[in-house]
Amino acid sequence: MLQEKSQIYEDKIIIEELSKRFASRFITPQPTSDSIPTIWTDSTHLREILNFLKSEIPAPYRMLYDLTALDERTRTHRGNQPKSDFTVVYHLLSFSRNHDIRIKVALIGEAPAIPSVTSLWPNANWYEREVWDMFGITFTGHPHLTRILTPPNWTGHPLRKDHYARATEMDVYDLTEEKEFAQQKALEFNPEQWGMVRHSKSSDFMFLNMGPNHPSVHGVFRLVLQLEGEAIVDIVPEIGFHHRGAEKMGERQSWHSFIPYTDRIDYLSGVMNNFPYVMAVEKLAGIDVPARAQVIRIMLAELFRIASHLVFFGTMSQDVGQLSPVFYMFTDRERVFEIIEAICGFRMHPAWFRIGGVAADLPQGWDRLIRDFCCYLPKRLDEYVKLVIKNRIFKARAVGIGAYTLDEAIDWGVTGPGLRACGMNWDYRKARPYSGYDQFDFDIPIASHGDCYDRVIVHVEEMRQSLRIIRQCLENMPGGPYKSDHRSATPPRKERTMHDIETLITHFLNVSWGPVIPPGEVCCAIEASKGMTSYYLTSDGDTMSYRTRIRTPSFPHLQMIPLISRGSFVADLIALIGSIDFVMADVDR
-18 MLQEKSQIYE
-8 DKIIIEELSK
2 RFASRFITPQ
12 PTSDSIPTIW
22 TDSTHLREIL
32 NFLKSEIPAP
42 YRMLYDLTAL
52 DERTRTHRGN
62 QPKSDFTVVY
72 HLLSFSRNHD
82 IRIKVALIGE
92 APAIPSVTSL
102 WPNANWYERE
112 VWDMFGITFT
122 GHPHLTRILT
132 PPNWTGHPLR
142 KDHYARATEM
152 DVYDLTEEKE
162 FAQQKALEFN
172 PEQWGMVRHS
182 KSSDFMFLNM
192 GPNHPSVHGV
202 FRLVLQLEGE
212 AIVDIVPEIG
222 FHHRGAEKMG
232 ERQSWHSFIP
242 YTDRIDYLSG
252 VMNNFPYVMA
262 VEKLAGIDVP
272 ARAQVIRIML
282 AELFRIASHL
292 VFFGTMSQDV
302 GQLSPVFYMF
312 TDRERVFEII
322 EAICGFRMHP
332 AWFRIGGVAA
342 DLPQGWDRLI
352 RDFCCYLPKR
362 LDEYVKLVIK
372 NRIFKARAVG
382 IGAYTLDEAI
392 DWGVTGPGLR
402 ACGMNWDYRK
412 ARPYSGYDQF
422 DFDIPIASHG
432 DCYDRVIVHV
442 EEMRQSLRII
452 RQCLENMPGG
462 PYKSDHRSAT
472 PPRKERTMHD
482 IETLITHFLN
492 VSWGPVIPPG
502 EVCCAIEASK
512 GMTSYYLTSD
522 GDTMSYRTRI
532 RTPSFPHLQM
542 IPLISRGSFV
552 ADLIALIGSI
562 DFVMADVDR
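In this note's numbering, the protein residues as written are -18 to 570.
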């Protein structure tokens, strides 16, 4: 309650500061289901307002957390928002205020344009390219506005409402020799387009194509390196090979049938992907989750955090030449999956969270499995610290490599272990507790140098803190229901389904189509294994989402590679990539 009052006060203050600084006709507040202050302005004054929020206001909003768009043309319930065909949304985050703000710009026409903000935030580069790729919105002044998730010769903009969503809606695929040649030509890399300069007089100069499938990267990913000998002069990352249109799928699936799709985003974190999605739907629908379900969610999320971190730790050590640790750590990961399978019935992708709770209650004997694991893993982590962290060869490969400052981390949208490795004592579970995290006692591991070595240290210590949380779940698991009794919870209650035909039909429709969620928009975030993950959902009062925006940590983290790799060597790049802790499905969605 105290946090809610503080939030309301902060919302009032920021709107007053904006109205005082700018004419009120440029500042139009909009109520939302998530209570994040949402301000409409026009494209003419956009950069001035964003610069004020980032640099001039006390306790500024220094991080561009997300940048996305909506196609408003078929939307029915718009509330009091200005008329628009497309809306561009800027989500800003202030760590000093512990507060968010959302800036919206209404655009009219089939080919809308808006000023680029890449000069304010460097991480806006990829976000603006994504919006142009998906919606066809031009960002004037962008340094290189090209497609980023779809192939260069793709036709149309997939997240527009008039773009097809299924292969059955496409024409027959006919690849002539001329079209095939054009496709191959479009995939050629032109260094000059990306600002690279050829040094023909240097015998050590070369371009090196790493990928798009290289063993040191965690998914299908391409890097084009400009080298002088083994030194990296410049580098261009190319993503999109894993793009599956997850956000488009969110517009074609019912609220509850989309849950399994979320598991495939960060495919190493399982139900942790379900977490922000179901919380967002619950907030839209006004569903209160029972205490038992909340603690079960936390316990499963922390188990998956450990599983994900073990993959990171093992593959990171493997990337720099240690072959044994990855086998030991994957064995420990199997122990985690045995527990998850016993509870959920599945291992990597259980899709076990539900709107209003979880799929089932904990099985008999779950406490013994958890207790044994909590006794087993700490000793193993101690061994890994001796084997890897204290190994002088590992230190030589990781200390001082790929370092970035706290200011750079904030400018580029870094969250999670990468941010805490720079000394930022900020964890979403502590700063804005969700699902009852405020009832748990745990610490926030931090480091100070922001290099590869510190990022590994933070990950290892986070596993110890996850174990602390899991033990508290074991010792304090509340009783009661595992799912809400709310009529929009899925699947719905079935106690009376066989009493009369009307109840049976209602139950059948709610299972098949899911609930009708009231109109509104909401963003819910969690501290996922790789950083902050959030779902920004827009409901138009239907059984499906009107717009599903998935903000993942890997996307901005990968964008930093050119900054932190220039001047390094190719061998350093392998350690640098491994320390970022990403998966390409989390980048491309």
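The C-beta atom is built at its ideal place from N, Cα and C for all residues, glycine as well.
Inset, instruction - Could you say which of Phe202, Leu490 and Asp81 lies nearest to Pro218 if we only look at CA atoms? - result: It is Phe202.
Legend entry - Residue of Gln174, Glu209 and Trp175 minimising C-alpha distance to Leu189: When Gln174, Glu209 and Trp175 are compared, the shortest CA-CA separation from Leu189 is found for Glu209.
Inset, instruction - May I have the straight-line CA-CA distance separating Pro63 from Val301, to the nearest angstrom? - result: One C-alpha to the other measures close to 54 Å.
Inset, instruction - Could I get the ranges of all uninterrupted alpha helix (DSSP H) runs contained in the region 239 to 299, with 4 residues as the minimum, in chain order? - result: Fully enclosed alpha helix (DSSP H) runs of 4 or longer: 240 to 243 and 255 to 266.
Inset, instruction - Would you kindly work out how many angstroms separate the C-alpha atoms of Phe3 and Ala146, rounded to a whole number? - result: The straight-line gap from Cα to Cα measures roughly 41 Å.
Legend entry - Length-filtered (3 minimum) beta strand (DSSP E) runs lying within the region 101 to 187: Segments of the beta strand (DSSP E) lying fully in the region 101 to 187: 119 to 121.
Legend entry - Proximity test, Ser416 beta-carbon vs the ligand SAH heavy atom, cut-off 6 Å: The ligand SAH is not part of the structure shown, which contains no ligands of any sort.
Inset, instruction - Could you tell me how far apart the beta carbons of Val98 and Arg28 are, in whole angstroms, since I believe they sit closer than 8 Å? - result: Right, the Cβ-Cβ distance comes to about 6 Å (below 8 Å), so this counts as a contact.
Legend entry - Reduced DSSP secondary structure (H/G/I, E/B, other) of Asp521: Note: Asp521 maps to coil in three-state DSSP.
Inset, instruction - Put Ser515 into one of helix, strand or coil per three-state DSSP. - result: DSSP places Ser515 in strand when its eight states are reduced to three.
Legend entry - Length-filtered (4 minimum) alpha helix (DSSP H) runs lying within the region 346 to 371: Qualifying alpha helix (DSSP H) stretches, in chain order: 347 to 365.
Inset, instruction - List the endpoints of the continuous alpha helix (DSSP H) containing Val86. - result: Where Val86 is concerned, there is no enclosing alpha helix (DSSP H), although the beta strand (DSSP E) it sits in stretches over His80 to Leu88.
Inset, instruction - Decide if Pro496 is buried, meaning its Cβ has at least 16 other Cβ atoms within 10 Å, or exposed. - result: Counting the other Cβ atoms within 10 Å of the Cβ of Pro496 gives 16 or more, which makes it buried.
Inset, instruction - Tell me Cys571's beta-bridge partners as DSSP assigns them. - result: Given that the chain is displayed from residue -18 to residue 570, the structure contains no residue 571 and the question cannot be resolved.
Inset, instruction - Can you tell me which of Ser36, Thr68 and Glu37 puts its alpha carbon nearest to the alpha carbon of Thr19? - result: Of the listed residues, the one whose Cα sits closest to Thr19 is Thr68.
Inset, instruction - Take Asp52 and list the residues in its own chain whose beta-carbon comes closer than 7 Å to its own, dropping the five residues that flank it on each side. - result: Closer than 7 Å at the Cβ level, and outside the excluded window around Asp52, lie Phe67, Phe116, Leu140, Arg141 and Lys142.
Inset, instruction - Kindly indicate which three-state DSSP category Val214 falls into: helix, strand or coil? - result: Secondary structure at Val214: strand, using DSSP grouped into helix, strand and coil.
Legend entry - DSSP bridge partner residues for Val439 (one or two, in chain order): Looking at the DSSP output, Val439 shares a beta bridge with no other residue.
Inset, instruction - Closer than 8 Å by C-beta to His467: which residues in its own chain qualify, once you throw out the five before and the five after it? Chain order, please. - result: Hits under 8 Å: Ala266, Gly267, Ile268, Asp269 and Gly337.
Legend entry - Bridge partner(s) assigned by DSSP for His72: DSSP lists Asp47 and Arg83 as partners of His72.
Inset, instruction - Pick out whichever of Thr9, Val214, Leu350 and Val252 has its Cα sitting closest to the Cα of Ser549. - result: With distances taken between Cα atoms, Ser549 lies closest to Val214.
Inset, instruction - Would you list, in sequence order, the uninterrupted alpha helix (DSSP H) runs of no fewer than 4 residues that lie entirely inside the region 385 to 425? - result: Taken in chain order, the complete alpha helix (DSSP H) segments of 4 or more residues contained in the region 385 to 425 are 387 to 392, 398 to 401 and 409 to 412.
Legend entry - Status (buried if at least 16 other CB within 10 Å, exposed otherwise) for Glu283: Glu283 should be labelled buried.
Legend entry - Option in Asn406, Cys403, Tyr385 and His123 with minimal Cα separation from Pro543: Relative to Pro543, the option among Asn406, Cys403, Tyr385 and His123 whose CA is nearest is Tyr385.
Inset, instruction - For Asn190, write down the residues that DSSP places opposite it in a beta bridge. - result: Beta-bridge pairing links Asn190 to Val205.
Legend entry - Cβ neighbours of Gly397 in the same chain (closer than 6 Å, five flanking residues each side left out): These residues qualify, in order along the chain: Lys511, Gly512 and Pro534.
Inset, instruction - Using only alpha-carbon positions, find the residue among Asn61, Leu539, Arg570 and Arg335 that is nearest to Asp562. - result: Out of Asn61, Leu539, Arg570 and Arg335, the CA that lies nearest to the CA of Asp562 is found in Leu539.
Inset, instruction - Answer yes or no: do Met260 and Leu291 have a C-beta to C-beta separation smaller than 7 Å? - result: Against a cut-off of 7 Å, the Cβ pair of Leu291 and Met260 comes out as no contact.
Legend entry - Neighbourhood of Leu(-1) by C-beta distance below 6 Å, restricted to the same chain and skipping five residues each side: Scanning its chain for C-beta atoms nearer than 6 Å, with the 5 sequence neighbours on each side dropped, one finds around Leu(-1) the residues Ile8, in chain order.
Inset, instruction - From the DSSP output, in three-state form, read off Ser526 for me. - result: Here Ser526 sits in strand by DSSP.
Inset, instruction - Identify, in the order they occur along the chain, each residue of the same chain with its Cβ nearer than 6 Å to the Cβ of Tyr517, setting aside the five sequence neighbours on each side. - result: Around Tyr517, the same chain offers Cys504 and Arg530 as residues with beta carbons nearer than 6 Å, after the five sequence neighbours per side are excluded.
Inset, instruction - Quickly, what does DSSP pair Asp582 with across the bridge? List them, please. - result: Within the shown structure, residues of the chain are numbered from -18 to 570, placing residue 582 beyond reach of any answer.
Legend entry - Short Cβ contact (7 Å threshold) for Ala94 with Leu45: Going by beta carbons, Ala94 and Leu45 fall outside the 7 Å limit.
Inset, instruction - Compare the beta carbon distance of Pro241 and Ala148 with 7 Å and say whether it is the shorter of the two. - result: Against a cut-off of 7 Å, the Cβ pair of Ala148 and Pro241 comes out as no contact.
Legend entry - Proximity to Gln345 [Cα-Cα], best of Leu358, Ile324 and Arg328: Residue Ile324 is the option with its Cα nearest to Gln345.
Inset, instruction - Tell me where the alpha helix (DSSP H) around Thr533 begins and ends. - result: Bounds of any alpha helix (DSSP H) do not take in Thr533, whose DSSP letter is neither H nor E.
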